[in-house]
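Letter 33 of the sequence shown, counting from 1, is numbered 33 in the UniProt record's numbering, and no numbers are missing.
Since the structure comes first, as structure tokens, the remarks are kept for the end.
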Amino acid sequence: MPSHLIRETNYDAATRTLSVWLVTSENRYDYEDVPPETYEAFRRAFSKGRFFNAHIRNRFTYRIFKEE
Numbered sequence: 001m002p003s004h005l006i007r008e009t010n011y012d013a014a015t016r017t018l019s020v021w022l023v024t025s026e027n028r029y030d031y032e033d034v035p036p037e038t039y040e041a042f043r044r045a046f047s048k049g050r051f052f053n054a055h056i057r058n059r060f061t062y063r064i065f066k067e068e
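Written out as structure tokens, the structure reads:
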């Protein structure tokens, strides 16, 4: 299901980094040390935005990258 909050995601299992592009921003947010189980639950969630807000945002350290 499309999300009103999240435009795109990518998960690197080797580094456990979840990259998130929000609809409201041109930046990429890289969330560090996200367990594979959390990413899989995120992928399966009916509401990606709700899951993101409840289980990822403000729970994992992140870095912001400005998209060019």
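Think of the CB as a built atom: it goes at the ideal place given N, C-alpha and C, for glycine as much as any other residue.
Check: Whole-number beta carbon distance between Tyr31 and Phe65, since they are thought to touch under 8 angstroms; Outcome: Not really, about 12 angstroms apart at Cβ, beyond 8 angstroms.
Check: Enclosing alpha helix (DSSP H) for Thr38 [first to last residue]; Outcome: Pro36 to Arg44
Check: Spatially closest choice to Val23 from Thr38, Ala13, Arg7 and Pro36, by CA coordinates; Outcome: Arg7
Check: Distance, Ala54 Cα to Glu63 Cα; Outcome: Residue identity differs from the one stated: residue 63 is Arg in this sequence, not Glu. Distance between the alpha carbons of Arg63 and Ala54: 19 angstroms.
Check: Euclidean distance between Cα positions of Ser19 and Ser47; Outcome: 17 angstroms
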